[in-house]
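Visitor: Shown below is the structure under consideration.
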Amino acid sequence: MKHRSYLALEGVTVEFPTRAGPFCALDRIDLSIEKGQFVALIGHSGCGKSTLLNAVAGLVRPSRGVIFLDGDVVDAPGPDRAVVFQDHSLLPWLTVEENVRLAVDKTAGGKSRAERREWVMHNLDLVQMGHAAAKRPGELSGGMKQRVGIARAIAMNPRVLLMDEPFGALDALTRAALQDVVMDLQARLNNTVLMITHDVDEAVLLADRVVMMTNGPAARIGEDRTVDLARPRNRLEAIDQPDYAGARSAVIHFLHERYRNPATLAA
Amino acid sequence: MASPSSSSMKGPPARTGGAAPELGVILPYPQEAIARRSFAPVAAPVHPLARKARAVAANMLPTLAMVVALLAIWQWLCSAPDAAFPSPLMVWTQSHEVIVHPFKGVDMGLTHFSIAQSGDVGIAGHILTSLSRVLIGYGMAAVVGVALGILIGQSVFAFRALDPLFQILRTVPPLAWLPISLAIFQQAQPSAIFLIFITAIWPVILNTAAGVQTIPVAYRNVARVLALNPIEYFTRIMLPATVPHMFTGLRIGVGMSWLAIVAAEMVQGGTGVGFFIWDSYNSALLTDTIVALVWIGLVGFTLDRIVALAGRIIGRTA
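Here it is in structure tokens:
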């Protein structure tokens, strides 16, 4: 029997019905991710990155092909595949603590109330948001909301952590601070992570592998580049490594030479 | 608080300013501008209650002034001896009994009130009768309306089946239901309550449904990823996300039921503020009608504010 990776996408095709017939967003995607690996998915807007992530999350059903997670077939959304949404998606009527608590209550079966509360606070502390537990999302800045979004996801103890352009809406400095948070969390927890980004530096800095997608429709995986940087990583040390520059240049060549942005091609 | 004098201002321009012409130094700004850079003394702190009182006064004064001005214009326009419409002073003198004894014939307790079934009842008694009808009819409309709104907001099938019917029925004027209502219930009290119910329910249904339909996809996705069961989805996501829309419908509904009850009672007679108006018109007591209008307006305004306040409180805690 052939060895199957921890997270394996086998021939995943996603088609959406439209008035003009089926629109093929993803075409026979094969992707294997090992346990504890951090994979960044990069590509131009509209290439189907989010569709791929939503398929793993179970929010979108593949038209053909199968997704395996630790040997189980993925066919519905579930808390074992926690998602950090781009717009954070915190519930505005709950406090920060209650938002995380809602996720913990669904995943921490058998734990006492005190243990759950402690687990919530532990995860908020991991993203340095313990001080804001009693605040509502409306009182927080964008970066703080996304920290809470990350805390909510990791508090679920997911088998795979899915991040859908988690820092896309943040300014450059806040983004860097959150990248440091993610690097720190990865060093402590060694989660299996699939992250969408369209920031080359972010992909190379955070990921063990950068998977580059061709332009849609019918997007495929164009290239798969391993980033051999030691962990735990540090921004200032990493940028001077030869493999950082090598991976960065490979991704930029892919995105701006081989598969240019379809929007700029037309111009 | 001492205001710093201009001589103690920091920065070289202030110091070299006087000698500037001889030294040929170009000043960044003129000397008089520097001299003006002092602070006005800080006003003595105002007691918070006094500040609050001032804010309320600032809010209310324009309204009060407007009311006084309008009353004055009205008095001036209707002061002729042969004027067809009574002036405010005439209202005061002719309807004095109605204005100063609104609770005549009403036995008010802390937890209950009873209104004399026969004889002379004050305007507040009629208002209370109308309010009790509105309370029952509107209460039922709120419960049934929210339930139906959630049903058609949640289920595409129910929406397709029921929404066209609701859209047609909601345009039927309240009074058009009165003959049907009387035919079904035979009696004044239940048919008035039914009229309120049928008037208030449409905005509640349609706004609640719109609220459920516009729950952001983001919240639905959170619920799916967390695998919330239907009950958890209902209490943790749907209800809190829909509360603002729901209360928009409830506010429109309470206003419409107050409109409908007065009209219904005018036609039906017996008791209630609508009957009071009709009765005063038949007795050629136009000044009583004017007093009733003021009462109706104030009560309607209060009802609207109560529902709005309930919406704010529930929206905050949900």
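Just so you know, the sequences run in chain order A and B. Following UniProt numbering, the numbering of the first sequence begins with 1 at its first residue and continues without gaps. Following UniProt numbering, the numbering of the second sequence begins with 1 at its first residue and continues without gaps. Even for Gly, the Cβ is constructed at its ideal location relative to N, Cα and C.
In the DSSP assignment, find the beta strand (DSSP E) that holds residue 331(B) and state where it starts and stops.
Guide: Chain B is shown from 1 up to 318; residue 331(B) falls before or after that span and cannot be answered.
Visitor: Pick out whichever of A250(A), L206(A), E165(A) and S249(A) has its Cα sitting closest to the Cα of G48(A).
Guide: Of A250(A), L206(A), E165(A) and S249(A), the residue nearest in Cα terms is E165(A).
Visitor: Where does P79(A) fall in DSSP's three states?
Guide: Coil, per DSSP.
Visitor: Please state whether DSSP places T13(A) in a helix, a strand or coil.
Guide: Residue state, collapsed to three classes: strand.
Visitor: With a Cβ-Cβ cutoff of 7 Å, do V100(A) and A155(A) count as a contact?
Guide: Yes.
Visitor: Does any residue of chain A bring its CB to less than 7 Å from the CB of V221(B)?
Guide: Per the sequence presented here, residue 221(B) reads as Asn, with Val not at that position. By this cut-off, N221(B) is an interface position.
Visitor: Enumerate, from N- to C-terminal direction, the unbroken alpha helix (DSSP H) stretches of 4 or more residues contained entirely within the region 76-140 of chain B.
Guide: Complete alpha helix (DSSP H) runs here, min 4: 88-94 and 96-100.
Visitor: Looking only at DSSP bridge pairs, what is T226(A) linked to?
Guide: DSSP output for T226(A) lists R209(A) as bridge partner(s).
Visitor: Could you round the C-beta distance between residue 278(A) and A153(A) to whole angstroms and report it? I think they count as a contact, below 8 Å.
Guide: Since the first residue shown for chain A is 1 and the last is 267, residue 278(A) is missing from the structure and cannot be characterised.
Visitor: Based on the DSSP secondary-structure assignment, which residues constitute the bridge partners of F301(B)?
Guide: Paired residue(s): none; F301(B) is not in a bridge.
Visitor: Secondary structure at D184(A), three-state DSSP: helix, strand or coil?
Guide: Helix.
Visitor: Would A292(B) and V273(B) be called neighbours here (beta carbons separated by less than 7 Å)?
Guide: Yes, these two residues count as a Cβ contact at 7 Å.
Visitor: Residues of chain A with CB closer than 8 Å to the CB of A147(B), please, in chain order.
Guide: Result: empty, since nearest Cβ-Cβ is about 21 Å, beyond 8 Å.
Visitor: What does the Cβ neighbour count give for W76(B), buried or exposed, with the cut at 16 atoms within 10 Å?
Guide: Exposed is the call here.
Visitor: Taking C-beta pairs closer than 9 Å, name the residues in chain B that W119(A) reaches, listed in chain order.
Guide: Residues of chain B passing the Cβ test: none, with the nearest at roughly 15 Å.
Visitor: Using DSSP with H/G/I as helix, E/B as strand and the rest coil, what is L228(B)?
Guide: Coil, per DSSP.
Visitor: When DSSP builds the beta bridges, which residues end up paired with V39(A)?
Guide: In the DSSP output, where bridge partners are listed per residue, V39(A) has L194(A) and R209(A).
Visitor: By the 7 Å beta-carbon criterion, what residues does the region 200-225 of chain B contribute toward chain A?
Guide: Here the close residues are A218, Y219, N221, V222, R224 and V225.
Visitor: Would a C-beta distance cut-off of 7 Å place I115(B) and G125(B) closer than the cut-off?
Guide: It is a contact, given that the beta carbons lie within the stated cut-off.
Visitor: For I152(B), does the count of other Cβ atoms within 10 angstroms reach 16, so buried, or fall short, so exposed?
Guide: It is buried - the Cβ of I152(B) has at least 16 other Cβ atoms within 10 Å.
Visitor: Could you tell me the distance, in whole angstroms, from the CA atom of L64(B) to the CA atom of V56(B)?
Guide: If you take the alpha carbons of L64(B) and V56(B), they lie about 12 Å apart.
Visitor: From D70(A) to L7(A), what does the alpha carbon distance come to, in whole angstroms?
Guide: Approximately 6 Å, taken between the alpha carbons.
Visitor: Rounded C-beta distance between I261(B) and R133(B)? I'm assuming under 8 Å.
Guide: 6 Å between Cβ atoms; contact.
Visitor: Relative to chain B, which residues along the region 123-135 of chain A have a C-beta separation below 8 Å, given in chain order?
Guide: Flagged: no residues at all.
Visitor: When Cβ atoms are compared, which residues of the region 93-108 of chain A fall closer than 7 Å to chain B?
Guide: If the cut-off is 7 Å between Cβ atoms, the region 93-108 of chain A has W93, L102, A103 and K106 near chain B.
Visitor: Residues of the region 292-315 of chain B in Cβ contact with chain A at a cutoff of 9 Å, in chain order, please.
Guide: For the region 292-315 of chain B, which is checked against every Cβ of chain A, the residues closer than 9 Å are G315.
Visitor: In chain order, what residues of the same chain lie with their CB nearer than 8 Å to the CB of E10(A), ignoring the 5 residues before and after it?
Guide: Counting only Cβ-Cβ distances below 8 Å, and skipping sequence neighbours, we find D30, G65, V66, I67 and F68.
Visitor: Between the C-alpha atoms of A20(A) and L131(B), what's the straight-line distance to the nearest angstrom?
Guide: Roughly 58 Å between the two C-alpha positions.
Visitor: For a quick check, are the C-beta atoms of A55(A) and V96(A) less than 7 Å apart?
Guide: Cβ distance not < 7 Å, so A55(A) and V96(A) don't count as in contact.
Visitor: Can you give me the C-alpha to C-alpha distance between L303(B) and L124(A), rounded to a whole angstrom?
Guide: Their Cα atoms are separated by approximately 44 Å.
Visitor: Since V204(B) is in the alpha helix (DSSP H), which residue starts that stretch and which ends it?
Guide: Element bounds for V204(B): A188 to Q213.
Visitor: Are the C-beta atoms of S7(B) and some chain A residue less than 7 Å apart?
Guide: Model confidence at S7(B) stands at a pLDDT of 46, short of 50, so the residue's coordinates are unreliable; what they give is reported in the following sentence. It does not; no Cβ of chain A falls within 7 Å.
Visitor: Use the C-beta contact count for residue 368(B): other C-beta atoms within 10 angstroms, 16 or more gives buried, fewer gives exposed.
Guide: There is simply no residue 368(B) to check, as chain B begins at 1 and stops at 318 in what is shown.
Visitor: On the criterion of 16 or more Cβ atoms from any shown chain inside 10 Å, does G145(B) qualify as buried, or is it exposed?
Guide: Answer is buried; the Cβ neighbour count reaches 16.
Visitor: Can you give me the Cβ contacts of M246(B) inside the same chain, cut-off strictly under 7 Å, excluding the 5 residues immediately before and after it?
Guide: Hits under 7 Å: V146, N207, T208 and G211.
Visitor: Can you tell me which of the three DSSP states T18(A) falls into?
Guide: It is a strand residue.
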